[in-house]
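Number of protein chains: 2
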Amino acid sequence: MIHAAYGRIQPVVRQTPLLSSPFLDEIAGRKLLVKPECLQHTGSFKFRGAYAALSGMDAAKRARGVIAYSSGNHAQGVALAAKMHGTTATIIMPADAPEMKIANTKALGADVVLYNRANEDRDEIGARLSAERGLTLVKPFDDPLVIAGQASVGLEIAAQCEVAEAEVLVPCGGGGLTSGMALALSEARPAWRVHPVEPEEFDDAARALISGKREENTRRDGSVCDAIITPSVGEITFPILRKHCAAGIVVREDEAMQAMALAFSRLKIVIEPGGAVALAAALFHGDKLRGDTVIAVASGGNVDAEMFARAVVG
Amino acid sequence: MIHAAYGRIQPVVRQTPLLSSPFLDEIAGRKLLVKPECLQHTGSFKFRGAYAALSGMDAAKRARGVIAYSSGNHAQGVALAAKMHGTTATIIMPADAPEMKIANTKALGADVVLYNRANEDRDEIGARLSAERGLTLVKPFDDPLVIAGQASVGLEIAAQCEVAEAEVLVPCGGGGLTSGMALALSEARPAWRVHPVEPEEFDDAARALISGKREENTRRDGSVCDAIITPSVGEITFPILRKHCAAGIVVREDEAMQAMALAFSRLKIVIEPGGAVALAAALFHGDKLRGDTVIAVASGGNVDAEMFARAVVG
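First to last, the protein sequences are chains A and B. First residue of the first sequence? That's 304 in the numbering used here, and the numbers climb one at a time after it. First residue of the second sequence? That's 304 in the numbering used here, and the numbers climb one at a time after it.
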C-alpha cells in the first residue's frame, strides 16, 4: 500500500533534499540530517497524504467533493490535491489557526468553515457536513491511504541516506507521519529507530507508548506548536506507533523556537514551531539518543512573519 | 572544463531542487521556478566555484594554503573547501560585512583579515599577503576554474527543467555565476536567455552590456545587497556575459526585500537581499521578459536575523 501510494504521488510530490550543517552537527554532538518538508508543496508534508488519499479514492466519490478538518497544514494539502484532481474541497478550520494557513487554504480554492477549538468538536462538524453535502471525509491522520502517503517521507530518506544505524525524529500530532515513516523504515531500514517528538503538555504519544494505551491531552489549544496539537494519537496510528516506534521525546516550546532560529541561520529554511520539535530534540536532547547519526524531519513551515521574527531575533 | 569541474564537485555539492508556488506564479504572470542556492553548503552557490578551484589546483600549491577576498559568501565557500582539502585559508573581508558571514568564516577555520571597503583595495591586500605568505589566491569570480564551478548551477537546472524556452535570471556582482551559467546553458539550452540582475546604483553589468565595454560603479558600499556589490564585472567574465547574455535587469532594494518576504511565505526559504534580486526581477519586472517560464536563482541566504525580520515583517 505504501509503495502503491508512492507510485501515485511521486510524479507530483517534491522530493525534498537532506540538509546538514557542521555548526548543527557540533551542537547535536553527532551527524544531524534534516528532511525539510517545509519545502514540500503547500509548505508541509501533508500534501503527500492528501494527494495519496484523493488519488486512491473512488472517482465518482471524489467528483462529489471532499471535506477535511485541520489546523491548517492538512487543509492546504487537501485543498491543493482537490484542485489538482478537479474537484471541490470543504475545510473545517479552528478560528485561532494562523492567519496565513486560513488565507492560503481559501486561496487554493477551498470553502473554509471556521470552528472554536475550545468548545466545538471538529470530528462532529466534519461528520455532519459530509452527510449533508455528500462529501467524502479525508481524515488528517487516521486513514490508511493518508498514512501510506506520509510514509513516502521515510522511503525518500532511506534512498537518500545509507548509514546502517540512525535515530529518526518525527514531529507527532495524530501520528500519521510518524506511523507512516515507522512502517516504511521498518522494512527499508530495520535497524533504525523512529521516535515521535512532541511539545511539553501535549505529550500524549510519549505517555501512550509507556502506558500501552492511547492517552489524552488535557489541553487542546494555547500552544505555538498548533500544527501538531491533537486530543490524542489515532485509533489506526497508535498500534503502528506501538509496534514500530522507540520512546517518545518531549521538548519545551522555547527549544522549538531556538531550533527555528538555528534552521534559519544554518540551513536557510523556514520551519514553524510544531515542525521544529524534532530538530529541537536532535539539538537539545542528545542524551536520549544513541549512535552517530540523527535524522530530524522539519515537517512544515507555515508560520506567520511576526512569530518567525520572534524566533530568529529573540 | 565545465564538465570536468562538475565531475569533481558533484560528489560533495548539494544538488538544490527547483521550487515553485502557485501564488508566485500568479504575481509573476507566468510559471516561476526558483533555484535555491541558499540551501547550498555554506549558504550560497560560492562553495561550488571554491571547491572547483581548490580541487583543480596543483596539490603542492594547495598544501601551502590559499587566500581569498570576499564580502562573505566566497569567504565561507573557500574556507569550507580548504578545510575539506586539509589546507589553510586566509580570508580578506570588508569590516562592514554582515557579522554572521565574518563569524561563520572564522568558525570554518579560516584566518580572517578585515579591511575598509571605502578606502582600501582588496585586490592589493590580497596580492601582498599572497606574496608574503606563499599563498595561492582564489579569486571570487575572475578565474576560469571558479567560473567552471559556478556553471554547475546551469547544468543542474538544465537537467531539472525541460521546457524549450525560458528566461533565466541571475544575481550578478562580478559575473562569475552569471557567466558560468550562461556558458553552460548556451550548450545545454541554446534557446534559453540568461539575464544578469543587479540592484539600482550598482548596475554596471547592465550598462556594460549596452556600451559594449566594462563599466564601473561609482559607489562601492552602502547597499543591503552586499553579496553582489563589486566595482565592475571581471575581465574574464565580461566577454562571456557579452557573448551569451541578454539585457541586464535592474531592481530596487525594496523590491529585493519584498522578494525575500515572498520567498519566506511562499517557498519557506531564507534569501539575503543580494540573493533575492533575480527573484525580484521575475516577480516585479515581468514586462522585460517573454515566454511562459522564468527561472530565478536565489544565490545566497547569509543574512542577519534583524535584516531578515525587517524584510518579512515590513
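We put the CB at the ideal spot given by N, CA and C, even for glycine.
Are the beta-carbon atoms belonging to residue i and residue j less than 9 Å from one another?
i	j	result
Cys-464/B	Pro-499/B	no
His-377/A	Ala-353/A	yes
Gln-453/B	Ser-482/B	yes
Glu-504/B	Lys-338/B	no
Ala-581/A	Ala-566/A	no
Leu-592/B	Arg-333/B	yes
Val-456/A	Ala-494/A	no
Val-554/A	Val-441/A	no
Gly-380/A	Ser-347/A	yes
Val-616/A	Ala-608/B	yes
Ala-406/B	Asp-529/B	no
Ala-356/A	Asp-446/A	yes
Ala-256/B	Ile-543/B	Missing from the structure shown is residue 256/B; chain B here goes from 304 to 617 and no further.
Ile-305/B	Ala-451/B	yes
Phe-444/B	Leu-480/B	yes
Ala-562/A	Phe-587/A	yes
Asn-605/A	Lys-404/A	yes
Leu-335/B	Ser-324/B	yes
Under the three-state reduction of DSSP, which class applies to residue i: helix, strand or coil?
i	result
Pro-387/A	Per the sequence shown, residue 387/A should be read as Met rather than Pro. Note: Met-387/A maps to helix in three-state DSSP.
Ala-550/A	coil
Arg-545/B	helix
Lys-571/B	coil
Glu-503/B	coil
Arg-333/A	coil
Leu-322/A	strand
Thr-596/A	strand
Arg-517/A	coil
His-588/A	coil
Glu-538/A	coil
Gly-578/B	helix
Val-316/B	coil
Met-360/A	coil
Thr-533/A	coil
Val-527/A	coil
Arg-613/B	helix
Ser-374/A	coil
Gly-477/A	coil
Arg-311/A	helix
Met-304/A	coil
Just tell me which of the options has its CA closest to the CA of residue i.
i	options	result
Lys-516/B	Leu-357/B, Asp-507/B, Arg-522/B and Gln-343/B	Asp-507/B
Glu-423/B	Gly-594/B, Ile-543/B, Pro-576/B and Pro-534/B	Pro-534/B
Ile-395/A	Ser-433/A, Gly-359/A and Ala-366/A	Ser-433/A
Ser-526/B	Gly-577/B, Phe-541/B and Ser-514/B	Gly-577/B
Pro-502/B	Asp-328/B, Ala-485/B and Ala-584/B	Ala-584/B
Glu-427/A	Thr-393/A, Ala-384/A, Leu-480/A and Tyr-372/A	Tyr-372/A
Asn-520/A	Ser-514/A, Ile-532/A, Cys-528/A and Leu-512/A	Ile-532/A
Ala-599/A	Leu-327/A, Arg-317/A and Gly-310/A	Leu-327/A
Ile-552/A	Gln-313/A, Leu-512/A and Arg-523/A	Leu-512/A
Ile-572/B	Leu-586/B, Glu-518/B, Leu-321/B and Gly-310/B	Leu-321/B
Gly-537/A	Lys-386/A, Met-360/A, Val-449/A and Asp-595/A	Val-449/A
Tyr-418/A	Glu-468/A, Gly-375/A, Glu-329/A and Pro-325/A	Gly-375/A
Leu-438/B	Ala-392/B, His-344/B and Ala-410/B	Ala-392/B
Thr-390/A	Ala-362/A, Val-497/A and Ser-514/A	Ala-362/A
Phe-541/B	Arg-510/B, Ala-410/B, Thr-345/B and Ser-568/B	Arg-510/B
Ala-627/B	Glu-468/B, Gly-476/B and Ala-612/B	The question about residue 627/B has no answer, for chain B in this structure spans 304 to 617.
Lys-364/B	His-344/B, Ala-382/B, His-388/B and Arg-351/B	His-388/B
Val-597/B	Asp-524/B, Thr-319/B and Val-497/B	Val-497/B
Val-316/B	Ala-579/B, Glu-340/B, Gly-594/B and Asp-595/B	Glu-340/B
Ile-574/B	Thr-345/B, Ala-331/B and Tyr-309/B	Thr-345/B
Met-560/A	Leu-383/A, Ala-612/A and Arg-436/A	Ala-612/A
Ala-384/B	Gly-429/B, Gly-310/B, Phe-350/B and Phe-587/B	Phe-350/B
Asp-524/A	Ala-421/A, Val-416/A and Met-403/A	Ala-421/A
Ala-382/A	Lys-409/A, Cys-475/A and Glu-329/A	Lys-409/A
Based on the DSSP output, what are the partners of residue i in its beta bridges?
i	result
Gly-347/B	According to the sequence provided, residue 347/B is Ser. The question's Gly does not apply to it. Ser-347/B is bridged to Gly-603/B.
Val-369/A	Ala-392/A and Thr-439/A
Lys-338/A	Val-600/A
Arg-496/B	Glu-470/B
Pro-397/A	Tyr-418/A
Counting only beta-carbon atoms, is residue i nearer than 9 Å to chain D?
i	result
Asn-407/B	Although the question refers to chain D, the structure presented lacks it and instead comprises the protein chains A and B.
Problem set entry | Every unbroken alpha helix (DSSP H) inside the segment 404-471 of chain A [4 residues or more] | Entirely contained in the segment 404-471 of chain A, the alpha helix (DSSP H) runs reaching 4 residues are, in chain order, 425-436 and 447-463.
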